[in-house]
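K.L.:
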Amino acid sequence: MPDPSRIRANVVGDSTEVKVLMNHEMETGQRKDAQGKVIPAWFIQDVTATWNGKTVLSAQWGPAVAKNPFLSFKFKGGAKGDKVMITWVDNRGEKRTDEATIA
Amino acid sequence: MNLQRRKALRTGGGMTLLTLVAAAGWLRAEDAQAAEWNKAAFETNSMDATMKALGGGTPAQSKDIAFFQTPDIAENGAVVPIGITSNIPKTESIAILVEKNPNMLAAVFDVPAGTDPSLSTRIKMGQSSNVYALVKADGKYFVASKEIKVTLGGCGG
Amino acid sequence: MKTSRSGRAARLVAAASVVALAATAFGQSNTADEIAKYRAALQDGNPAELWEARGEGMWKEPRGPAKVSLEKCDLGMGPGVVKGAYTQLPRYFADADRVMDLETRLVWCMVKIQGYTEADAKKNPFGAGNDRKADMEALVAYVTSESRGIKMNVPQSHPKEREAYALGEKMFFFRGGTHDFACSTCHGEDGKRIRLQDLPNLTTKAGAQKAYTTWPAYRVSQGELRSFQWRLNDCFRQQRFPELVFGSDASIDLTTFLAVNANGAAFDAPAIKR
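Protein chains in written order, with our numbering: chain A, 3 to 105; chain B, 16 to 172; chain C, 12 to 285.
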């Protein structure tokens with residue numbers, strides 16, 4: 003079970019600002035270990051953010067996104083108490099969904 | 016900023032359940048199938064090849080795409096903050112490309128209606144390079160670029 | 012490793028291929044500005060929070076052979092008191108009859124309360140990727156996060172605390188190893204730099220305060236949350252000194268010297284650094 007993401011969602015005017023920190027190695031597949039073997043690529047490929055069931059952001063990533071990815075975005079709407087959900091899927095098929103309450 | 020106590024949701028979702036649930040016309044948000052990962056687009060090393068894989072033509076230079084909170088110099092290429100705002104109407108997606116990375120395309124963000132065409136993230140850069148913000152708006156592609164220099168500090172530790 | 016001013020010109024030219032602006036005096040200050048912007052941009056979203064969350068869970072979870080949590084661990088301010096504890100470490104502990112820093116105290120609690128062997132509690136103190144996470148770094152992240160904003164107040168009331176400080180000070184100025192380095196070689200004067208990294212002068216109050224209060228930190232170049240034990244261990248490696256053994260008396264003494272020198276400044280970690 004992958005480690006949880008850290009999500010902050012705050013009302014800013016008529017919008018909601020979301021900041022996410024995801025726990026992921028984001029291994030590029032370019033590095034070699036001490037024995038000279040390539041360390042296999044391991045990275046988040048898909049990210050989906052929803053608010054009350056509506057998709058507010060979706061993304062496709064490659065391994066060039068930094069390790070322990072950070073993401074910040076804003077969408078119109080959202081009230082205190084609403085739920086924001088962030089899901090990621092990586093190239094190993096591992097998945098992680100976390101939910102935050104808008105403050 | 017108040018830290019949220021985030022609730023971790025355990026996801027189950029074997030394919031069978033997903034198919035059943037989808038067939039019932041009731042898809043939970045976290046099971047929403049994203050479009051299949053565009054492998055071809057993430058394995059190119061030129062703008063032309065990337066555009067071809069994304070299904071677009073040559074992007075037009077645009078002054079309506081801005082970088083924000085994006086420093087000119089990164090103390091370490093492992094983490095380079097990139098913020099992009101598109102002021103082009105009907106922006107559908109924002110992509111980040113790094114010219115001198117082994118593969119140019121770092122990320123593509125689909126921006127649905129109601130979401131600000133403005134976001135920030137962090138990328139890896141193998142060396143000093145031009146970084147491109149590629150915007151798709153109303154079916155057409157636009158681009159702006161910025162040079163970011165990558166350094167290495169200290170004793171390399 | 013040359014860090015003298017006369018070597019600066021040579022390094023600027025060498026760095027020119029990387030940072031074109033650095034060739035002129037004006038360019039030099041511009042570089043510093045841009046790096047400051049880079050550091051500022053990193054503040055918004057510190058992956059250290061991921062370690063803090065994991066560490067908090069670990070503190071509260073029943074673990075080890077005894078299947079007990081760490082919630083009765085005494086970090087110096089009473090059993091279970093985490094808030095502010097890091098600002099008073101290292102300190103003398105009567106039950107162990109020695110001065111301990113945070114990591115050695117955590118090892119103590121893991122052994123005494125949770126039933127781990129000392130060897131098990133000390134193994135893998137520094138993480139290496141998601142497949143080899145270090146429990147210790149997560150615990151350090153959590154405990155230190157509970158001291159954020161509180162003024163450093165490391166005690167020097169017990170004779171052993173004073174002895175640790177004196178030994179740490181000796182170590183700081185002790186030249187050795189294959190390159191005849193001391194800590195003071197890099198950290199004993201103003202205006203020193205290794206490539207584009209400004210080196211804090213740890214012999215001044217301001218330098219000592221700024222440096223100590225910003226560890227532990229998520230080191231971008233490491234992709235890990237790094238503790239003060241790691242920082243000293245890595246300094247020793249870079250000086251070509253023998254390994255600074257994790258949790259050794261030497262590491263505690265040196266930490267005591269540096270921590271006491273930071274007294275009075277507000278703790279501001281876990282931070283994020285290059």
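No residue lacks a Cβ here, since even glycine has one placed at the ideal position from N, Cα and C. Model, not experiment: these values are computed from the prediction.
(1) Taking the C-alpha atoms as reference points, what is the distance between Asp55 of chain C and Tyr147 of chain B?
(2) Mapping the DSSP letters down to three states, classify Val93 of chain C as helix, strand or coil.
(3) Span of the alpha helix (DSSP H) holding Met196 of chain C?
(4) Does the beta carbon of Asp5 of chain A come closer than 8 Å to any beta carbon on chain C?
(5) Leaving out the 5 sequence neighbours to the left and right, which residues in its chain are closer than 7 Å to Val271 of chain C when beta-carbon positions are compared?
(6) So the candidates are A:Trp63, A:Pro6, A:Trp53, A:Gly38; which of them puts its Cα closest to the Cα of Thr130 of chain B?
(7) Rounded to whole angstroms, what is the Cα-Cα separation between Ala2 of chain A and Ser17 of chain A?
(8) Closest by CA to Ala132 of chain C, which one among C:Gly140, C:Asn141, C:Val122?
(9) Applying the 10 Å Cβ sphere with the 16-neighbour rule, what's the burial state of Thr166 of chain B?
(10) Ordered along the chain, which non-local residues of its own chain (more than five positions away) have a Cβ less than 6 Å from that of Thr214 of chain C?
(11) Less than 8 Å between the C-beta atoms of Pro76 of chain C and Cys84 of chain C, yes or no?
(12) Give every residue of the same chain whose Cβ lies closer than 6 Å to the Cβ of Gly188 of chain C, excluding the five residues on either side of it in the sequence, and list them in chain order.
(13) I'd like the list of long-range same chain contacts for Ser158 of chain C, defined as Cβ closer than 6 Å, with 5 residues on each side in sequence excluded.
(14) Thinking C-alpha only, which one of C:Arg248, C:Leu113, C:Glu72 is nearest Asp260 of chain C?
(15) How big is the Cα-Cα spacing for Asn102 of chain B and Ala51 of chain C?
(16) Is it buried or exposed, Asp48 of chain A, if we count other Cβ atoms within 10 angstroms and call 16 or more buried?
(17) Are there 16 or more other CB atoms within 10 angstroms of the CB of Asp153 of chain B, so buried, or fewer, so exposed?
(18) Applying a beta-carbon distance threshold of less than 7 Å, which residues of chain C neighbour Ile88 of chain B?
(19) From A:Ala102, A:Ser74, A:Phe72, pick the residue whose C-alpha is nearest to that of Val86 of chain A; which is it?
(20) For Thr136 of chain B, which residues does DSSP report across the bridge?
(21) How about Val113 of chain B: is its Cβ closer than 7 Å to a heavy atom in the ligand GTP?
(22) Just to check my reading of the structure: Phe82 of chain B and Gly92 of chain B have Cβ atoms closer than 8 Å, yes? What is that Cβ distance to the nearest angstrom?
(23) Just by C-beta distance, which residues in the segment 203-228 of chain C are closer than 7 Å to chain B?
P.N.:
The relevant details are as follows:
(1) On the third sequence, position 44 is the one that residue 55 of chain C refers to. On the second sequence, position 132 is the one that residue 147 of chain B refers to. Cα to Cα, Asp55 of chain C sits roughly 22 Å from Tyr147 of chain B.
(2) Here residue 93 of chain C is taken as the residue at index 82 of the third sequence, counted from 1. It is coil, neither helix nor strand.
(3) As a working mapping, residue 196 of chain C is identified with position 185 in the third sequence. With the sequence shown as reference, residue 196 of chain C is identified as Thr, and Met is not the correct amino acid for it. Note, Thr196 of chain C: alpha helix (DSSP H), 194-198.
(4) In the first sequence, counting from the first residue as 1, residue 5 of chain A sits at position 3. Yes - at least one Cβ of chain C is within 8 Å of the one on Asp5 of chain A.
(5) For this step, residue 271 of chain C is matched to residue 260 along the third sequence. Excluding sequence neighbours, Val271 of chain C sits near Val165, Gln167, Tyr176.
(6) The residue given as residue 130 of chain B occupies position 115 in the second sequence. Among A:Trp63, A:Pro6, A:Trp53, A:Gly38, the Cα nearest to that of Thr130 of chain B belongs to A:Trp53.
(7) Given a span of 3 to 105 for chain A in the structure shown, any question on residue 2 of chain A remains unanswerable.
(8) Here residue 132 of chain C corresponds to residue number 121 of the third sequence, with the count starting at 1. When only C-alpha atoms are compared, the closest one is C:Val122.
(9) As a working note, residue 166 of chain B is residue 151 in the second sequence. It counts as buried.
(10) Along the third sequence, read from residue 1 onward, the residue named residue 214 of chain C stands at position 203. Once the five neighbours on either side are set aside, the close Cβ partners of Thr214 of chain C are Gly199.
(11) In the third sequence, residue 76 of chain C corresponds to position 65, counting from 1. In the third sequence, residue 84 of chain C corresponds to position 73, counting from 1. No, the Cβ-Cβ distance between Pro76 of chain C and Cys84 of chain C is not below 8 Å.
(12) In the third sequence, residue 188 of chain C corresponds to position 177, counting from 1. Excluding positions up to five away in sequence, the list reads Gln250, Arg251, Phe252.
(13) Here residue 158 of chain C refers to the residue found at position 147 of the third sequence. Hits under 6 Å: Gly95, Tyr97, Thr98, Phe278.
(14) Position 249 of the third sequence, counting from 1, holds the residue named residue 260 of chain C. It is C:Leu113 whose Cα lies nearest to the Cα of Asp260 of chain C.
(15) Translated into the one-based positions of the second sequence, residue 102 of chain B becomes position 87. Translated into the one-based positions of the third sequence, residue 51 of chain C becomes position 40. Looking at the two C-alpha atoms, the distance is approximately 25 Å.
(16) Here residue 48 of chain A corresponds to residue number 46 of the first sequence, with the count starting at 1. When all chains shown are included, Asp48 of chain A counts as buried.
(17) If you number the second sequence from 1, residue 153 of chain B lands on position 138. With fewer than 16 Cβ atoms within 10 Å of its Cβ, Asp153 of chain B is classed as exposed.
(18) For this step, residue 88 of chain B is matched to residue 73 along the second sequence. Per Cβ cutoff of 7 Å: Val30, Thr42, Glu45, Ile46, Tyr49.
(19) Mapped onto the first sequence, residue 86 of chain A falls at position 84. When only C-alpha atoms are compared, the closest one is A:Ala102.
(20) Within the second sequence, the letter at position 121 stands for residue 136 of chain B. Per DSSP, A:Leu73, B:Ile97.
(21) With respect to the ligand GTP, the structure shown offers nothing to examine, as it has no ligands at all.
(22) Looking up residue 82 of chain B in the second sequence gives position 67. Looking up residue 92 of chain B in the second sequence gives position 77. Not a contact, Cβ separation roughly 17 Å.
(23) Ile205, Arg206, Leu207, Gln208
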